[in-house]
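J.:
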Amino acid sequence: MDIYLYNTLTRKKELFNPIDKKEVKIYSCGPTVYKDATIGNMRTNIFQDVLRRMLIYNGYKLKHVMNITDVGHLVSDGDEGEDKMVKSAREENKTPLEIANHYTKLFFEDLKDLNIQTPEIICKATDYIQEMLKYVEELVKKGFAYETSTAIYFDVSKLDKYPVLSNLNVEEQKAGARVDIDPEKKNPYDFALWIKAPENHLMKWDSPWGPSYPGWHIECSAMSRKHLGEQFDIHTGGIDLIPTHHENEIAQSKGICGKIPARYWIHGEYLLINGGKMSKSLGNVYLLKDIKKRGYDPLVYKLLCYSCSYRNKLNFTWEAIEATSKSLERLRNGYQNHLNGNDKLSEEDREILNKIEEKFHTAINDDMNMPLAMSYVWEAVRYEKKNKEIANLLLKFDTVLGIKIDKKETNEGIEISEEVMELVKERKKARQEKNWTESDRLRDLIKEKGYEVKDTKNGMEIRRI
Ligand code: AMP
Ligand code: ZN
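If you read the sequence shown in this note's numbering, its first letter stands for residue 19, the second for the next number, and so on.
(1) Could you check what DSSP says for PHE334 in three-state terms: helix, strand or coil?
(2) Given that a residue counts as buried once 16 or more other Cβ atoms are within 10 Å of its Cβ, and exposed if not, what is THR87?
(3) If you check the beta carbons only, do LYS277 and GLN249 fall under 7 Å apart?
(4) For the 8 Å Cβ check, are there 3 or more pairs between the region 397-411 and the region 364-376?
(5) To the nearest whole angstrom, what separates the beta carbons of ILE57 and TYR328, a pair I think is in contact under 8 Å?
(6) Can you list, in chain order, the residues of its chain whose CB lies under 8 Å from that of ALA193, leaving out five sequence neighbours each side?
(7) Does DSSP classify ASP258 as helix, strand or coil?
(8) Measure the C-alpha to C-alpha separation of LEU80 and ARG281 and round it to an integer number of angstroms.
(9) Look up PRO167 in the DSSP assignment and say whether it is helix, strand or coil.
(10) Nearest by alpha-carbon distance to LEU73: which of ARG350, THR417, LYS426 is it?
(11) Closest to SER242 by C-alpha separation, out of LYS295, LEU69, CYS47, would be which residue?
(12) Can you tell me the Cα-Cα spacing of ILE4 and GLU237, whole angstroms?
(13) Rank TYR401, GLU402, GLU375 by C-alpha distance to the C-alpha of ALA391 and give the top, closest one.
(14) Which same chain residues end up closer than 7 Å to GLU466 when comparing Cβ atoms and leaving out the 5 residues on each side of it in sequence?
(15) Could you tell me whether any non-hydrogen atom of ligand 1 is closer than 6 Å to the CB of MET296?
(16) Any chance the region 304-315 sits against the region 117-133, with 3 or more Cβ pairs inside 8 Å?
(17) Report yes or no: do three or more beta-carbon pairs, one from the region 438-447 and one from the region 393-404, lie closer than 8 Å?
(18) Is CYS238 near ligand 2, in the sense that its beta carbon is under 6 Å from a heavy atom of that ligand?
(19) With a threshold of 6 Å, establish whether the CB of TYR45 neighbours any heavy atom of ligand 1.
(20) Whose C-beta lies closer than 8 Å to the C-beta of ASN292 among residues of the same chain, with five residues either side of it excluded?
(21) Identify every residue that forms a DSSP beta bridge with MET392.
(22) What is the rounded straight-line gap between the Cα of GLU165 and the Cα of TYR153?
(23) With distances taken Cα to Cα, identify the nearest neighbour of TRP283 among LEU321, GLY233, ASP258, CYS275.
(24) Would you say VAL42 and ASP251 are within 7 Å of each other, going by their C-beta atoms?
(25) According to DSSP, what are the bridge partners of ALA210?
(26) Are ARG482 and LYS425 close, meaning C-beta to C-beta below 7 Å?
(27) Using the C-alpha atoms, what's the distance from LYS31 back to ALA195?
(28) Got a sec: does ligand 1 put a non-hydrogen atom nearer than 6 Å to the Cβ of TYR288?
(29) In three-state terms, what does DSSP make of PHE250?
(30) Quick check: is any heavy atom of ligand 1 less than 6 Å from the C-beta of ARG9?
(31) According to DSSP, is LYS31 helix, strand or coil?
(32) Does DSSP put GLY359 in a helix, in a strand, or in coil?
(33) Please state if the CB of TYR146 and the CB of SER106 are separated by a distance shorter than 7 Å.
(34) Whose C-beta lies closer than 6 Å to the C-beta of CYS141 among residues of the same chain, with five residues either side of it excluded?
(35) Any idea which residues DSSP pairs THR87 with across the strands?
(36) With distances taken between CB atoms, is the gap from GLY228 to LEU211 smaller than 7 Å?
The following block contains the structure:
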């Protein structure tokens, strides 16, 4: 079945036509590991996971590369300020390596909690310094880069066209709309490929230009070329990467080989919190662990992300999380009902179910239209007759959704506050002492706190209500 993807490069939905008909090559810009990843960052990872799973559903093999930025990402995208890693190391009184290891570990824990597949290749920027250096040297040799007293800059005026991906107004900037930090830059949009390190800078490497470190954009160009070649199929990232990071990756690549590195550029929109930006000053920077702390399965958040297209803004509220947690529970219970069902399916039923399957497939192939795809998942869940074949269909859908539809709704994996756990323990004790009045009183108290306890033959089960 045909796949259509919205390509930022052409601002159109296009038929997907990979270079190699069997294996799709993807590069995703990964995290800068200097602080906790937010649920906003995770929205980008979720859409990338759906893209992977959709391609696999269509029978493709994948070679997906994701980088870990552990050097060179400055506080401002305009080549200004400190390196984010160095700043964080100073503030937390650790080495940049300790900072990188710590936040990388947390990042992968979040991916695991969200049942996000790990890309085939994960590469850390600091492991590719020599490849980056070689890339910059080649650009200098080809006349696309020049040295100033502070850095090696890419000369955007040497390109036939800049920008190609975004709507930057280069002419306006040329007229002096912005005051530049480095007066030695030839053009306002020239960007740093390689930065000369001040004397006591923590992360620096020897280079023809003395002790220095890479700029942010060069790492993705060097690593994608190393693993995926000069041109590959898909490049992904959050929408904020379009005007600077991705524009400059394209510039670098055109300087090296005259080609735009990827054929399809796919960008995920932002997550809003209560209709606005996530910001420290508003105290609304949420992490996945905040969702877990309130007792929700992290996959509730993944399901919430399917309520609109990855290309639209999504609004996060706790009310939406609460409603989605009920939906996830209904989906999982619906799966169990089919699994345990013995209703006979007629030819007509099978035809309807095949149609549902086809419509689901068309929806995911249409630029990952998850709200529409979910409507067909619900049709299957709510199908009047209950039969194991429908449970199997739901499992097939779940290879794309990744919401563990076959997980039984128990206390497993749900974080419960200490207060509720204490009540649960007391109730257990009361039951052992056959004090049924006390046990019932505690059950009511637990219910008031939003949990239901059930006594089953496998012991006590707790779930959110
Ligand atoms: P940052 O750590 O802020 O550099 O973000 C890493 C990446 O996560 C960014 O490049 C964005 O693509 C993505 N991202 C950051 N904030 C959000 C958000 N609120 N919604 C969706 N994606 C985001
Ligand atoms: Zn990148």
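Even for Gly, the Cβ is constructed at its ideal location relative to N, Cα and C.
T.: The answer reads as follows:
(1) Within the sequence shown, residue 334 is the residue found at index 316, counting from 1. The answer is strand: DSSP assigns PHE334 an E or B state.
(2) Residue numbering aside, residue 87 sits at position 69 when the sequence shown is read from its first letter. Taking a 10 Å sphere around the C-beta of THR87, we find 16 or more other C-beta atoms and assign the residue as buried.
(3) If you number the sequence shown from 1, residue 277 lands on position 259. If you number the sequence shown from 1, residue 249 lands on position 231. In this structure, GLN249 lies closer than 7 Å to LYS277 by Cβ.
(4) Result yes; three or more Cβ-Cβ pairs closer than 8 Å.
(5) Locating residue 57 in the sequence shown gives position 39, counting from the first residue. Locating residue 328 in the sequence shown gives position 310, counting from the first residue. Not confirmed; about 14 Å, so no contact.
(6) Within the sequence shown, residue 193 is the residue found at index 175, counting from 1. Summary for ALA193: the model assigns pLDDT 48, below 50, so the residue's position carries little reliability, and this model does not support an answer.
(7) As a working mapping, residue 258 is identified with position 240 in the sequence shown. Assigned with DSSP and collapsed to three states, ASP258 falls in helix.
(8) For the purposes of this step, residue 80 is identified with residue 62 of the sequence shown, where counting begins at 1. For the purposes of this step, residue 281 is identified with residue 263 of the sequence shown, where counting begins at 1. Computed Cα separation, rounded: 16 Å.
(9) The residue you call residue 167 lines up with position 149 of the sequence shown. Reading off the sequence, residue 167 comes out as Ser, not Pro. The answer is coil: DSSP assigns SER167 none of H, G, I, E or B.
(10) Translated into the one-based positions of the sequence shown, residue 73 becomes position 55. Comparing Cα positions, the closest option is THR417.
(11) Start at 1 with the first residue of the sequence shown, and residue 242 comes out as number 224. Measuring from the Cα of SER242, the nearest candidate turns out to be CYS47.
(12) It is not possible to answer for residue 4, since the shown part of the chain is limited to 19 through 483.
(13) If you number the sequence shown from 1, residue 391 lands on position 373. Looking only at TYR401, GLU402, GLU375, the smallest Cα-Cα distance to ALA391 is reached by GLU375.
(14) In the sequence shown, counting from the first residue as 1, residue 466 sits at position 448. Cβ neighbours of GLU466 within its own chain (closer than 7 Å, five residues either side excluded): none.
(15) By 1-based counting over the sequence shown, the position of residue 296 is 278. Proximity of the beta carbon of MET296 to ligand 1 is indicated: a heavy atom of the ligand is located closer than 6 Å.
(16) Contact holds: three or more Cβ-Cβ distances are below 8 Å.
(17) Taking one beta carbon from each stretch, the region 438-447 and the region 393-404 have fewer than 3 pairs nearer than 8 Å; the two do not touch.
(18) Here residue 238 refers to the residue found at position 220 of the sequence shown. With a cut-off of 6 Å, the C-beta of CYS238 is classified as near ligand 2, since at least one heavy atom of the ligand falls inside that distance.
(19) One-based indexing of the sequence shown puts residue 45 at position 27. For TYR45, the distance from the CB to the nearest heavy atom of ligand 1 is not below 6 Å.
(20) Translated into positions along the sequence shown, residue 292 becomes position 274. These residues qualify, in order along the chain: ASN302, ASN333, PHE334, THR335.
(21) Taking the sequence shown and counting its residues from 1, the one referred to as residue 392 is at position 374. None, per the DSSP bridge assignment.
(22) As a working note, residue 165 is residue 147 in the sequence shown. As a working note, residue 153 is residue 135 in the sequence shown. Taking the Cα positions, GLU165 is about 15 Å away from TYR153.
(23) Position 265 of the sequence shown, counted from the first residue, corresponds to residue 283. The candidate whose alpha carbon is nearest that of TRP283 is ASP258.
(24) Residue mapping note: residue 42 aligns to position 24 of the sequence shown, counting from 1. Residue mapping note: residue 251 aligns to position 233 of the sequence shown, counting from 1. Contact flag set, yes.
(25) For this step, residue 210 is matched to residue 192 along the sequence shown. Paired residues: TYR171.
(26) What you label residue 482 is simply residue 464 of the sequence shown in a count that begins at 1. What you label residue 425 is simply residue 407 of the sequence shown in a count that begins at 1. With contacts defined as CB atoms closer than 7 Å, ARG482 and LYS425 fail to qualify as a contacting pair.
(27) In the sequence shown, the residue the question calls residue 195 occupies position 177. In the sequence shown, the residue the question calls residue 31 occupies position 13. Residue placement at ALA195 is poorly supported in this model, since its pLDDT is 44, which falls under 50; the coordinates are not used for a value here.
(28) Locating residue 288 in the sequence shown gives position 270, counting from the first residue. Yes, the beta carbon of TYR288 sits closer than 6 Å to at least one heavy atom of ligand 1.
(29) Here residue 250 refers to the residue found at position 232 of the sequence shown. Residue state, collapsed to three classes: strand.
(30) Outside the shown range of the chain, which is 19 to 483, sits residue 9, and nothing can be said about it.
(31) The sequence position of residue 31 within the sequence shown is 13, counting from 1. In this structure, DSSP gives LYS31 an extended state, which the three-state scheme calls strand.
(32) Working through the sequence shown from its first residue, we reach residue 359 at position 341. Note: GLY359 maps to coil in three-state DSSP.
(33) Sequence index remark: in the sequence shown, residue 106 carries index 88 (1-based). Sequence index remark: in the sequence shown, residue 146 carries index 128 (1-based). For SER106 and TYR146, no; Cβs fall outside 7 Å.
(34) Taking the sequence shown and counting its residues from 1, the one referred to as residue 141 is at position 123. In its chain, beyond the 5 residues on either side, ASN85, MET241 have a beta carbon closer than 6 Å to the beta carbon of CYS141.
(35) Within the sequence shown, numbered from 1, the residue matching residue 87 stands at position 69. THR50, per the DSSP bridge assignment.
(36) Indexing the sequence shown from 1 puts residue 228 at position 210. Indexing the sequence shown from 1 puts residue 211 at position 193. Their beta carbons are not under 7 Å apart, which means GLY228 does not touch LEU211 by this criterion.
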